[in-house]
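Novice: As they're listed, the protein sequences go chains F and H.
Numbered by this note's numbering, the letters in the first sequence go through residues 1 to 247 in order.
Numbered by this note's numbering, the letters in the second sequence go through residues 248 to 494 in order.
Don't be surprised by glycine CBs; every beta carbon is placed ideally from N, CA and C.
2 protein chains.
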Amino acid sequence: MTFQSIDPTEIKRMGMVKHLSPDQWNALMSIVEHIDVQPAGRIVNRRGNRLDHSLLLTEGLIARSIPRSGQRRSTFVALEFPGDFVDLHAFPLKRLDHDVVALTDCKLLVINHDRLHALIDAHTELGRMLWSLTLVDASIHRHWAMRNSSMRGLARVANFFCEFDARQAAVTGQHADIHKLGITQSDIADATGLSSVHVNRVLRDLREDGCCEVRPGALHILNRQKLVSRGAFDPAYLYLPGSDAVL
Amino acid sequence: MTFQSIDPTEIKRMGMVKHLSPDQWNALMSIVEHIDVQPAGRIVNRRGNRLDHSLLLTEGLIARSIPRSGQRRSTFVALEFPGDFVDLHAFPLKRLDHDVVALTDCKLLVINHDRLHALIDAHTELGRMLWSLTLVDASIHRHWAMRNSSMRGLARVANFFCEFDARQAAVTGQHADIHKLGITQSDIADATGLSSVHVNRVLRDLREDGCCEVRPGALHILNRQKLVSRGAFDPAYLYLPGSDAVL
DNA sequence: CGGAGCGTTGAGCAACGTCAAAAGACGTGG
DNA sequence: CCACGTCTTTTGACGTTGCTCAACGCTCCG
């Protein structure tokens with residue numbers, strides 16, 4: 001763990017936490033203790049450990065990961081982007097059932113549970129909003145279950161990229177046709193429940209179809225409309241700030 | 248909707264709500280307005296609808312269901328047993344992203360959101376416990392995503408039956424080798440992401456393997472240890488009351 | 001008696017996994 | 001700068017899993 005001094009007023013509200021009002025955000029920042037820096041590949045929290053703090057991601061990409069019994073690989077059940085709480089579930093639950101893994105180098109705000117407890121008692125609406133944020137996670141889990149249960153390889157990967165695109169846009173505030181993609185084809189395989197070999201073939205099909213192109217380190221969206229169509233993507237489940245989501 | 252008079256002191260704490268203390272339970276029962284009876288097959292709540300109440304299941308079986316785009320079938324992302332809140336997520340979120348479907352005839356306690364809001368303001372610990380209950384749902388969603396992404400047909404169905412068995416045991420308070428199973432093979436297909444034809448073949452394999460037997464209307468567990476082994480089942484993700492779950 | 005829904009089975013095919021080999025990318029140490 | 005090891009990507013070949021279509025029997029219920 002690396003500790004750094006932090007000026008909370010410098011941290012920007014982005015992504016999912018834009019659901020919080022500026023006042024709620026400032027209140028939350030007031031109890032942040034320090035910034036935690038984690039390198040790519042590090043397991044930030046291991047399943048079953050008792051946690052006395054939660055982490056708010058400000059830079060980088062994180063996966064929630066469940067190890068497959070008897071196999072080397074694991075299955076991803078969600079990706080976390082800047083502006084997401086990566087393990088707020090551990091605040092009420094105390095223990096997590098899954099691992100939290102840094103896919104790229106990450107910066108995280110550390111929020112102590114006792115201080116959060118006191119803060120919520122004083123700001124009941126903030127508490128309800130944090131509850132909502134964890135339920136958006138649940139909605140995303142449902143979507144992942146649906147996607148990996150009922151969509152074929154090509155649609156599955158296309159839908160996954162659409163989610164990536166939409167969430168990234170929510171972080172930066174604008175759509176981009178090129179995303180820095182700090183994940184490997186093997187990561188995509190873990191997220192979609194396909195083998196990495198099959199992911200590679202699906203990526204070729206998507207490229208030849210003119211939807212998108214994955215080069216080492218970046219995802220190029222060639223035709224967003226086509227990609228959305230191939231992946232039958234509807235972003236309602238993301239409850240994105242600024243959409244007609246009602247939180 | 249059918250309305251019935253209700254004596255809250257008659258309703259037993261069972262299943263997941265056993266996480267609530269008797270005092271919390273009584274407080275919750277004090278704001279129940281009436282009992283809602285729903286027939287098998289009825290869509291109790293449709294996705295996107297704005298809800299001003301949540302439902303606590305006391306009898307029957309309910310599925311959370313996401314329609315597949317462009318297909319007749321849908322995908323189940325969780326089953327709800329007696330003692331579960333079926334749509335408490337709608338309390339903070341206001342709108343659900345999925346349908347809630349009665350698989351069998353059901354009885355449900357109707358809890359108004361405004362009254363719940365007031366109750367939680369007076370009992371902050373109850374609020375936190377309800378938050379926890381929704382996060383157990385999230386944990387179950389994660390498990391379903393993992394199961395349907397990374398397990399093969401036979402293991403998938405076996406694991407599903409293990410969950411059914413464990414949750415049913417949590418409701419009745421004892422393990423049973425025969426479960427009334429008010430669901431069809433097509434329902435099992437929707438829950439596991441397989442085709443109903445393939446489910447039928449997997450059930451034959453499980454029967455010939457001596458694990459379990461599905462007859463119309465009932466699941467017979469022939470060898471629980473074998474079933475758990477075939478499904479690589481570990482119930483930790485259920486955070487069952489009475490286990491070492493820490494809520 | 002007839003229809004509707006469910007369970008069962010077979011045949012053929014498409015999707016996907018596994019194994020293996022080789023080439024490219026990248027960092028490290030010499 | 002090059003040599004080396006490691007990780008990733010790519011491709012082929014082959015086997016398996018699981019889907020689709022189709023037909024038929026069963027049960028329940030009108």
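Inspect the beta-carbon positions of Gly489/H and Val449/H and report whether they are closer than 7 Å.
Specialist: Here residue 489/H refers to the residue found at position 242 of the second sequence. Here residue 449/H refers to the residue found at position 202 of the second sequence. It is not a contact, given that the beta carbons lie outside the stated cut-off.
Novice: On a CA-only basis, which of Phe480/H, Gln432/H, Ile290/H and Arg471/H is nearest Val348/H? Give me that one, please.
Specialist: Position 101 of the second sequence, counted from the first residue, corresponds to residue 348/H. The shortest Cα separation from Val348/H among Phe480/H, Gln432/H, Ile290/H and Arg471/H belongs to Ile290/H.
Novice: How about the segment 118 to 132 of chain F and the segment 93 to 110 of chain F: do they share at least three Cβ pairs that are nearer than 8 Å?
Specialist: No, the segment 118 to 132 of chain F does not touch the segment 93 to 110 of chain F.
Novice: Can you grab the Cα-Cα spacing for the pair Ser248/F / Arg320/H, in whole Å?
Specialist: Given that chain F is displayed from residue 1 to residue 247, the structure contains no residue 248/F and the question cannot be resolved.
Novice: Looking only at C-alpha atoms, which of Pro216/F, Arg115/F, Arg224/F and Met16/F sits nearest to Asp265/F?
Specialist: With chain F covering only 1 through 247, there is no way to say anything about residue 265/F.
Novice: For the putative contact between Glu327/H and Ile313/H, defined by C-beta atoms under 8 Å, what is the C-beta separation to the nearest angstrom?
Specialist: One-based indexing of the second sequence puts residue 327/H at position 80. One-based indexing of the second sequence puts residue 313/H at position 66. About 15 Å; that fails the 8 Å criterion.
Novice: Could you check if His175/F is buried or exposed, using at least 16 other CB atoms within 10 Å of its CB as the buried criterion?
Specialist: Numbered from its first residue, the first sequence carries residue 175/F at position 175. Result: exposed.
Novice: Mark Ile188/F as exposed unless 16 or more other C-beta atoms lie within 10 angstroms of its C-beta, in which case mark it buried.
Specialist: As a first step, residue 188/F must be located in the first sequence, where it is residue number 188. Flag for Ile188/F reads buried.
Novice: Using CA atoms only, rank isn't needed, just tell me which of Ile278/H, Ile258/H, Ala287/H and Gly262/H is closest to Leu207/H.
Specialist: With chain H covering 248 to 494 only, the question about residue 207/H has no answer from this structure.
Novice: By the three-class DSSP mapping on this structure, what secondary structure does Leu298/H have?
Specialist: For the purposes of this step, residue 298/H is taken as the residue at position 51 of the second sequence. Here Leu298/H sits in coil by DSSP.
Novice: Considering only DSSP beta bridges, list what Gln285/H is partnered with.
Specialist: Numbered from 1 along the second sequence, position 38 holds the residue referred to as residue 285/H. Cys353/H, per the DSSP bridge assignment.
Novice: Buried or exposed: where does Glu372/H fall if 16 or more other Cβ atoms within 10 Å of its Cβ makes it buried?
Specialist: The residue labelled residue 372/H in the question sits at position 125 within the second sequence. Answer is exposed; the Cβ neighbour count stays below 16.
Novice: Using the Cβ count rule (16 or more neighbours within 10 Å means buried), how would you classify Arg10/F?
Specialist: Residue 10/F sits at position 10 when you count from the first residue of the first sequence. With the sequence shown as reference, residue 10/F is identified as Glu, and Arg is not the correct amino acid for it. It is exposed - the Cβ of Glu10/F has fewer than 16 other Cβ atoms within 10 Å.
Novice: Output the boundary residues of the beta strand (DSSP E) element that contains Ser231/H.
Specialist: Only positions 248 to 494 of chain H appear in this structure, which leaves residue 231/H out of reach.
Novice: Tell me whether Gln318/H is buried or exposed, calling it buried when 16 or more other Cβ atoms sit within 10 Å of its Cβ.
Specialist: Taking the second sequence and counting its residues from 1, one reaches residue 318/H at position 71. Result: exposed.
Novice: Roughly how far, in whole angstroms, is the beta-carbon of Arg342/H from the beta-carbon of Arg297/H, given that I think they are within contact range, below 8 Å?
Specialist: Numbered from its first residue, the second sequence carries residue 342/H at position 95. Numbered from its first residue, the second sequence carries residue 297/H at position 50. Confirmed, Cβ separation roughly 6 Å.
Novice: Looking at chain F, is there any beta carbon in it that lies within less than 7 Å of the beta carbon of Asn359/H?
Specialist: In the second sequence, counting from the first residue as 1, residue 359/H sits at position 112. It does not: the Cβ of Asn359/H has no partner Cβ on chain F nearer than 7 Å.
Novice: By alpha-carbon positions, which one of Val461/H, Arg477/H, Ala438/H and His390/H ends up nearest to Ala405/H?
Specialist: Here the question's residue 405/H lines up with position 158 in the second sequence. The shortest Cα separation from Ala405/H among Val461/H, Arg477/H, Ala438/H and His390/H belongs to Arg477/H.
Novice: Measuring straight from C-alpha to C-alpha, what distance separates Val86/F and Glu59/F?
Specialist: Here the question's residue 86/F lines up with position 86 in the first sequence. Here the question's residue 59/F lines up with position 59 in the first sequence. The straight-line gap from Cα to Cα measures roughly 12 Å.
Novice: Below 7 Å on C-beta distance, what does Pro482/H contact in chain F?
Specialist: Here residue 482/H corresponds to residue number 235 of the second sequence, with the count starting at 1. By Cβ distance, chain F contributes nothing, its closest Cβ being about 11 Å from Pro482/H, past 7 Å.
Novice: Hey, is Ile66/F's beta-carbon within less than 7 Å of any beta-carbon in chain H?
Specialist: One-based indexing of the first sequence puts residue 66/F at position 66. Ile66/F counts as touching chain H.
Novice: Taking the alpha helix (DSSP H) that Cys162/F falls in, what are its first and last residues?
Specialist: What you label residue 162/F is simply residue 162 of the first sequence in a count that begins at 1. Start and end: Gly153 to Thr172.
Novice: To the nearest angstrom, how far is it from the Cα of Asp331/H to the Cα of Ile358/H?
Specialist: Within the second sequence, the letter at position 84 stands for residue 331/H. Within the second sequence, the letter at position 111 stands for residue 358/H. Going by the C-alpha atoms only, they are around 13 Å apart.
Novice: Got a sec, what are the start and stop residues for the beta strand (DSSP E) Glu460/H sits in?
Specialist: As a working mapping, residue 460/H is identified with position 213 in the second sequence. Residues Cys459 to Arg462.
Novice: In chain order, what residues of the same chain have a beta carbon less than 6 Å from the beta carbon of His390/H, not counting five sequence neighbours either side?
Specialist: Taking the first residue of the second sequence as position 1, residue 390/H is located at position 143. Excluding positions up to five away in sequence, the list reads Tyr484.
Novice: Indicate whether at least one CB of chain H lies closer than 7 Å to the CB of Leu20/F.
Specialist: As a first step, residue 20/F is located in the first sequence; it is residue number 20 there, counting from the start. Leu20/F does not count as touching chain H.
Novice: Does Val324/H have its Cβ less than 7 Å from a Cβ in chain F?
Specialist: Looking up residue 324/H in the second sequence gives position 77. Judged by the 7 Å Cβ criterion, Val324/H is in contact with chain F.
Novice: Opposite Leu469/H in the DSSP bridges: which residues?
Specialist: As a first step, residue 469/H must be located in the second sequence, where it is residue number 222. In DSSP, Leu469/H forms no bridge with anything.
Novice: Check the Cβ of Trp391/H against every Cβ in chain F and list those closer than 7 Å, keeping chain order.
Specialist: Against the second sequence, residue 391/H aligns to sequence position 144. Those within 7 Å of Trp391/H in chain F are Ala145.
Novice: Determine the DSSP secondary structure at Lys265/H, reduced to helix, strand or coil.
Specialist: On the second sequence, residue 265/H is found 18 positions in, with the first residue counted as 1. Note: Lys265/H maps to helix in three-state DSSP.
Novice: Near His345/H, which residues of its chain fall below 8 Å by C-beta distance, leaving aside the five closest residues on each side in sequence?
Specialist: Looking up residue 345/H in the second sequence gives position 98. Same-chain partners within the cutoff: Arg294, Arg311, Ser312, Ile313 and Val324.
Novice: Terminal residues of the continuous beta strand (DSSP E) containing His179/F?
Specialist: What you label residue 179/F is simply residue 179 of the first sequence in a count that begins at 1. It spans Ile178 to Lys180 - the beta strand (DSSP E) in which His179/F sits, taken as one unbroken run.
Novice: Tell me, which residues are paired with Ala63/F by DSSP?
Specialist: Walking along the first sequence from the start, residue 63/F turns up at place 63. Partner(s): Leu79/F and Val101/F.
Novice: Note down, in chain order, every chain H residue with its Cβ under 8 Å from the Cβ of Thr134/F.
Specialist: Counting from one through the first sequence, the residue named residue 134/F turns up at place 134. The contacting residues are Trp378, Thr381, Leu382 and Ala385.
Novice: At a CB-CB cut-off below 8 Å, which residues of chain H make contact with Ala232/F?
Specialist: Within the first sequence, residue 232/F is the residue found at index 232, counting from 1. Correct list: Ser316 and Gly317.
Novice: Give the straight-line distance between the Cα atoms of Ser443/H and Arg375/H, rounded to the nearest whole angstrom.
Specialist: Walking along the second sequence from the start, residue 443/H turns up at place 196. Walking along the second sequence from the start, residue 375/H turns up at place 128. Those two C-alpha atoms are separated by around 40 Å.
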